[in-house]
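S.K.: Take this structure, written in structure tokens, and hold onto it; I'll ask about it next.
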Amino acid sequence: MAPIVSVRDLRKSYGQIKAVDGVSFDVQEREIFALLGPNGAGKTTTVEILEGLRSADSGTAIVAGVDVRKDPSGVKERIGVQLQQSAFPENFLAREIVDLFALFYGRRVDSMAILRSVGLEDKAKQKQDKLSGGQRQRLSIAVALVNEPRVLFLDEPTTGLDPQARRNLWELVRAIRARGTTVFLTTHYLDEAEALCDRVAIMDAGHIVALDSPPALIEALLKRGFRKPVLQQQANLDDVFLDVTGHALRED
Amino acid sequence: MRQILGYTVMLLRAYARDRTALFFGFFFPLLFMVLFGVLNFGGSVRVNLGMVDEAKNDQSASFIATLGKIDTLKITSGERDAQLAKLTAGDLDLVLVIPSNFRIAPAAPGSSVPTLSLFRNSARAEQGAVGGAILNSVIDQLSFAVTQTAPVVSLKSEEVTGRNLKYVDFLTPGIVGMTIMQLGISSVAFAFVADRQRGVIRRIMATSIPRRSYMAAHVLQRLILAVVQVLILLAVAVLAFKVTVVGGLPSLLAVAVLGAVVFLNLGFAVTGLLTTENQAAVATQIVTLPQMFLSGVFFSRDAVPAFLKPVADYLPLTFLNDALRAIATTGASLADVSGQIIGLVVWAILSFILAYRLFRLD
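As given, the protein sequences belong to chains A and B, one line each in that order. Using our numbering, the first residue of the first sequence is number 257, and each one after it goes up by one. Using our numbering, the first residue of the second sequence is number 4, and each one after it goes up by one.
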């Protein structure tokens with residue numbers, strides 16, 4: 257089966273800076289795929305090119321069968337996005353935000369059903385700016401689903417969330433994939449990538465420096481003779497935190 | 004189209020929940036009207052007219068008696084020098100001198116008609132303008148009566164003189180004009196700068212809605228708001244302040260919408276130069292404040308200093324206020340205010356070009 261995202265030799269420069277410098281990779285349908293890398297590695301630029309928000313200087317990018325460089329608005333119709341540093345308009349209720357974005361795609365949707373799918377049905381009549389951080393992230397995923405996208409792009413979806421809300425969001429991402437949607441995310445949390453993703457690509461200085469499943473990457477590292485000089489622990493601080501505070505989602 | 008209308012409706016609904024916007028859009032102009040209308044300035048404009056009768060004949064007496072029937076005029080008679088001194092002191096607004104050759108009769112061929120001299124106190128431009136207009140119309144009426152011409156026209160001037168032009172009558176169109184200006188400039192600048200900074204526009208542009216549909220909905224929403232604002236302001240003026248709107252509502256609304264287009268364009272142009280809300284606060288004041296004072300919102304433009312007049316005469320709010328005021332207070336038709344309409348259309352074209360060049364969504 258043809259990959260749902262196919263990137264070949266993608267390049268984008270800002271003046272002298274090569275933000276994306278010859279990037280190639282494929283994402284298979286129904287994968288959870290992550291793009292990792294330090295700040296300034298070119299992750300967001302790459303993702304925004306794939307989302308049709310930024311134009312590339314050269315190379316090709318096919319997303320859900322559409323050439324992004326030729327038809328950015330065609331891509332926008334077929335994907336769902338959650339952007340970094342973005343917000344919803346003020347004075348709209350959560351439910352109205354879903355209706356509003358459905359309208360932007362020229363669709364009518366059952367907004368209650370969509371809110372229910374992200375566990376926000378009881379917040380439908382609340383103003384979106386009164387939602388907690390985790391609720392807002394879930395609303396933003398709900399909105400990204402209104403056009404029944406084939407690929408869902410999530411740019412650092414769990415940044416700023418507490419451990420309970422992060423795990424809740426992972427469950428949501430897994431559920432979305434189970435319904436047949438490919439998920440493409442970026443994150444700074446490597447435990448998140450390890451727990452959630454089928455494959456990850458690690459970017460640095462505009463290049464992809466590693467690309468495989470997390471276990472395969474770890475195994476390859478160990479094969480190169482890497483040994484971590486630490487005691488093997490049966491639990492970590494994360495486990496302690498969740499043990500003493502519980503898994504239940506905290507709101508407000 | 005469904006997208007544009009649907010988005011417009013949703014924007015209006017969100018606007019109705021925005022207390023700050025409602026305050027500045029509706030409550031604030033009403034507050035102005037109440038402050039200036041009630042604390043005012045005494046209800047009607049009273050014109051203190053000093054009379055100097057140098058003819059002292061039956062005809063001058065009957066002319067003075069005719070003027071005496073007009074409510075707005077408060078007439079005191081006296082000698083020329085004393086009356087002019089009172090005018091200078093500000094006790095009188097106008098002094099009318101009736102020359103000794105005064106008579107009410109058609110001029111004999113070749114001879115000149117008697118000339119009445121009118122002295123104005125330039126510091127009281129409002130009263131001077133009202134009084135001058137009344138005197139002109141009474142003289143016209145007399146001329147028509149004597150020469151038996153143009154009876155149709157005399158009917159109209161009767162209405163003007165018979166009406167008690169109150170300050171709120173004068174003020175209301177000015178407040179309407181000011182509100183439209185504020186809506187166009189401030190509602191665009193603050194909303195778009197904030198939405199751009201918070202990433203709202205970026206998020207919307209990641210959907211497949213075309214930019215022109217997005218912009219169309221925002222413009223349409225504000226044009227609808229402009230019409231609603233005009234209707235509410237006029238309703239309050241008529242019901243609470245007994246303002247008489249002589250001209251037609253459709254003409255008023257047509258001019259108001261044209262004015263709204265001009266100020267929306269200017270708003271989008273200014274917004275293109277801004278990145279933060281603090282800048283927006285300063286920039287909107289720079290654009291709106293001079294027009295508040297130079298374009299005759301609260302007081303007649305006669306009070307504008309002479310060196311600023313060439314500027315004041317061509318400001319967009321001047322065209323808008325003059326047209327609204329002519330329609331509301333004298334019943335002018337759209338054709339009567341074609342000069343102002345042309346001015347607004349020229350501004351609409353210029354401001355659209357500016358907005359097109361300067362405005363940016365990201």
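Quick reminder that beta carbons are idealized off the backbone N, C-alpha and C, glycines included. Owing to the predicted nature of the structure, the values given are computational and were not obtained by experimental measurement.
Output yes or no for whether 8 Å exceeds the beta carbon distance between B:G135 and B:V249.
M.R.: Their beta carbons are not under 8 Å apart, which means B:G135 does not touch B:V249 by this criterion.
S.K.: Using the rule of at least 16 other Cβ atoms within 10 Å of the residue's Cβ for burial, across every protein chain shown, is B:E162 buried or exposed?
M.R.: Unreliable placement is indicated for B:E162, whose pLDDT of 36 sits below 50; the coordinate value is still reported in the next sentence. It is exposed - the Cβ of B:E162 has fewer than 16 other Cβ atoms within 10 Å.
S.K.: Looking at C-beta atoms only, is the number of pairs between the segment 379 to 391 of chain A and the segment 238 to 253 of chain B that lie closer than 8 Å three or more?
M.R.: No: fewer than three Cβ pairs fall under 8 Å.
S.K.: So what does B:N51 bridge to, in DSSP terms?
M.R.: According to DSSP, which records beta bridges pairwise, B:N51 is partnered with B:K77.
S.K.: Give me the Cβ distance between A:R267 and A:D282, rounded to the nearest whole Å; I'm assuming they're in contact under 8 Å.
M.R.: Contact flag wrong, Cβ pair sits at about 18 Å.
S.K.: Look at the alpha carbon of A:L493 and the alpha carbon of A:E412, and state the distance between them as a whole number of angstroms.
M.R.: Rounded to the nearest angstrom, the two C-alpha atoms are 22 Å apart.
S.K.: Alpha helix (DSSP H) containing B:H221: first to last residue?
M.R.: 214 to 244 is the span of the alpha helix (DSSP H), which, as asked, contains B:H221.
S.K.: Given that a residue counts as buried once 16 or more other Cβ atoms are within 10 Å of its Cβ, and exposed if not, what is B:S189?
M.R.: Buried is the call here.
S.K.: Under 7 Å, CB to CB, which of the residues in the segment 4 to 37 of chain B have a partner in chain A?
M.R.: Taking 7 Å as the Cβ-Cβ cut-off against chain A, the residues of the segment 4 to 37 of chain B that qualify are Q6, G9, Y10, M13, A17, R20, D21.
S.K.: Where are the alpha helix (DSSP H) runs, 4 residues long or more, that stay fully inside the segment 264 to 325 of chain A, in chain order?
M.R.: You should have 299 to 306.
S.K.: Going along the chain, which residues of its own chain have a beta-carbon closer than 7 Å to the beta-carbon of A:E346, five neighbours each way excluded?
M.R.: Same-chain partners within the cutoff: D385.
S.K.: A:L339 versus chain B: which residues are under 8 Å apart at the beta carbon?
M.R.: Correct list: G202, R205, R206, A209.
S.K.: Can you give me the start and stop residues for the alpha helix (DSSP H) that B:F195 sits inside?
M.R.: Taken as a continuous stretch (DSSP letters only), the alpha helix (DSSP H) holding B:F195 covers 191 to 201.
S.K.: Using 8 Å as the threshold, is the segment 172 to 189 of chain B in touch with the segment 324 to 338 of chain A, meaning 3 or more CB pairs across them?
M.R.: Judged by Cβ distances under 8 Å, the segment 172 to 189 of chain B makes no contact with the segment 324 to 338 of chain A, as fewer than three pairs qualify.
S.K.: Does the segment 213 to 220 of chain B come close enough to the segment 303 to 320 of chain A to have 3 or more Cβ pairs within less than 8 Å?
M.R.: The segment 213 to 220 of chain B vs the segment 303 to 320 of chain A: no contact.
S.K.: Please check if any C-beta of chain E sits within less than 8 Å of the C-beta of A:N347.
M.R.: The displayed structure is made up of protein chains A and B, and chain E is not among them.
S.K.: Using CA atoms only, rank isn't needed, just tell me which of A:V399, A:V407, A:A451, A:V303 is closest to A:R334.
M.R.: Checking every option, the nearest Cα to that of A:R334 belongs to A:V407.
S.K.: Hey, which unbroken runs of the alpha helix (DSSP H) at 4 residues or more fall wholly within the segment 437 to 486 of chain A?
M.R.: You should have 446 to 452, 470 to 479.
S.K.: Look at the alpha carbon of B:Q200 and the alpha carbon of B:M208, and state the distance between them as a whole number of angstroms.
M.R.: Their backbone Cα atoms lie some 14 Å apart in a straight line.
S.K.: Relative to the alpha-carbon of A:R422, which residue among A:S269, A:D447, A:G436, A:A398 has its alpha-carbon at the smallest distance?
M.R.: Checking every option, the nearest Cα to that of A:R422 belongs to A:D447.
S.K.: Taking contact to mean at least 3 C-beta pairs separated by less than 8 Å, is the segment 339 to 350 of chain B in contact with the segment 306 to 326 of chain B?
M.R.: The answer is yes - the segment 306 to 326 of chain B touches the segment 339 to 350 of chain B, with three or more Cβ pairs under 8 Å.
S.K.: Taking 6 Å as the limit between beta carbons, can you name the residues of its chain near B:Q224, skipping five residues before and five after?
M.R.: These residues qualify, in order along the chain: T11, L14, L15.
S.K.: For A:D411, write down the residues that DSSP places opposite it in a beta bridge.
M.R.: DSSP output for A:D411 lists A:T442 as bridge partner(s).
S.K.: Among the candidates A:L359, A:A451, A:V354, A:L477, whose CA atom is the shortest distance from the CA of A:R392?
M.R.: Out of A:L359, A:A451, A:V354, A:L477, A:V354 has the C-alpha closest to the C-alpha of A:R392.
S.K.: For B:D56, which residues from the same chain have a beta carbon less than 7 Å from its beta carbon, with the 5 sequence-adjacent residues on both sides left out?
M.R.: Closer than 7 Å at Cβ, skipping near neighbours: S63, I67, S80, I101.
S.K.: Within 8 Å (strictly less), CB to CB, does A:K299 reach chain B?
M.R.: By this cut-off, A:K299 is not an interface position.
S.K.: Label B:F26 either buried or exposed according to how many other C-beta atoms from any shown protein chain fall within 10 Å of its C-beta, with 16 as the threshold for buried.
M.R.: Per the 10 Å Cβ criterion, exposed.
S.K.: Should B:I212 be flagged as near chain A, meaning a C-beta pair shorter than 8 Å?
M.R.: It does; some Cβ of chain A falls within 8 Å.
S.K.: Which stretch, first to last residue, makes up the alpha helix (DSSP H) that contains B:V171?
M.R.: Run containing B:V171: 170 to 185, per the alpha helix (DSSP H) assignment.
S.K.: Could you check the C-alpha separation between B:L364 and B:N139 for me, to the nearest Å?
M.R.: For B:L364 and B:N139, the distance between alpha carbons rounds to 54 Å.
S.K.: Using three-state DSSP, classify A:V354 as helix, strand or coil.
M.R.: Helix at A:V354.
S.K.: Could you give the residue range of the alpha helix (DSSP H) that holds B:I289?
M.R.: Segment 280 to 297, the alpha helix (DSSP H) holding B:I289.
S.K.: Taking B:L121 as part of the alpha helix (DSSP H), name the residues at either end of that continuous run.
M.R.: Looking at the DSSP string, B:L121 is not in any alpha helix (DSSP H); the run it does join, the beta strand (DSSP E), is 120 to 123.
S.K.: Going by beta carbon distance, what residues of the same chain come within less than 8 Å of B:E82, once the five residues before and after it are set aside?
M.R.: Same-chain partners within the cutoff: V55.
S.K.: Alpha carbon to alpha carbon, how far is B:I73 from B:D94?
M.R.: Looking at the two C-alpha atoms, the distance is approximately 19 Å.
S.K.: When DSSP labels each residue in this structure, what does A:D378 get in the three-state scheme?
M.R.: A:D378: helix per DSSP, three-state reduction.
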